[in-house]
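What follows is a single structure, written as structure tokens, with notes after it.
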Amino acid sequence: MVLHSIATFGTPEQKNKWLTMAENMDIMTCYAQTEIGHGSDVSGLLTTATFDKKSDEFVIHTPCMEATKWWPGDIGRMSNVALVFAKLIIPDDDGAQNAYGVVPFIVQ
Numbered sequence: 113m114v115l116h117s118i119a120t121f122g123t124p125e126q127k128n129k130w131l132t133m134a135e136n137m138d139i140m141t142c143y144a145q146t147e148i149g150h151g152s153d154v155s156g157l158l159t160t161a162t163f164d165k166k167s168d169e170f171v172i173h174t175p176c177m178e179a180t181k182w183w184p185g186d187i188g189r190m191s192n193v194a195l196v197f198a199k200l201i202i203p204d205d206d207g208a209q210n211a212y213g214v215v216p217f218i219v220q
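Counted from 1, the sequence shown has number 129 at position 17 by the working numbering; the numbering is strictly sequential.
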């Protein structure tokens, strides 16, 4: 599912980087959507990914035990890259936190 998602939705740069590494067996991936507190109900995800303007990065946050990713296959044994699903939060210039739905993030 991870590689199909990257192949379908990734930018050309993401496809070149991640799919090449996967083909060369340099990375092992897992799909991390389900959270322990609510199962696979994507609308109920508690994990957030907030854009930090200063660092130009997203900060992924698991705010409580219920938001712990659960059943992600081999995440604890073999995977070194995960496709993590989180609620996208982008602050505006006034500091308000604007939510834009659930999106996948490639996390290594």
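Every residue, glycine too, gets a C-beta built ideally from N, C-alpha and C.
For Gln220 and Leu158, the rounded distance between their alpha carbons: The alpha-carbon atoms of Leu158 and Gln220 are separated by roughly 20 Å.
Meets three-Cβ-pair contact criterion under 8 Å: the segment 116–129 and the segment 160–172: Contact between the segment 116–129 and the segment 160–172 is absent, because fewer than three Cβ pairs lie under 8 Å.
Counted within 10 angstroms of its Cβ, other Cβ atoms place Gln145 as buried (16 or more) or exposed: Buried.
Coarse secondary structure for Ala222, derived from DSSP in three states: Look at the range of the chain in this structure, 113 to 220, and you will see that residue 222 is not part of it.
Member of Ile202, Gly151 and Met137 whose CA lies at the smallest distance from the CA of Asn210: Restricting attention to Ile202, Gly151 and Met137, the CA atom closest to the CA of Asn210 is found in Ile202.
Distance between Pro216 and Ile118 (C-alpha atoms, nearest Å): Distance from the CA of Ile118 to the CA of Pro216, rounded to the nearest whole angstrom, comes to 10 Å.
Closest residue to Tyr212 among Val193, Ser155 and Asn192 (Cα-Cα distance): The option with the nearest alpha carbon to Tyr212 is Ser155.
Beta-bridge pairing of Phe173 - partner residues as DSSP gives them: The sequence given here has His at residue 173, not Phe. The partner list for His173 (beta bridge, DSSP) reads Thr160.
Which of helix, strand or coil DSSP assigns to Ala179: If DSSP states are grouped into helix, strand and coil, Ala179 belongs with the helices.
Segment limits, beta strand (DSSP E) that includes Thr141: Judged by DSSP secondary structure, Thr141 falls within the beta strand (DSSP E) whose first and last residues are Thr141 to Ala144.
Nearest residue (CA-CA) to Ser191, options Thr141, Thr123 and Asn136: It is Thr141 whose Cα lies nearest to the Cα of Ser191.
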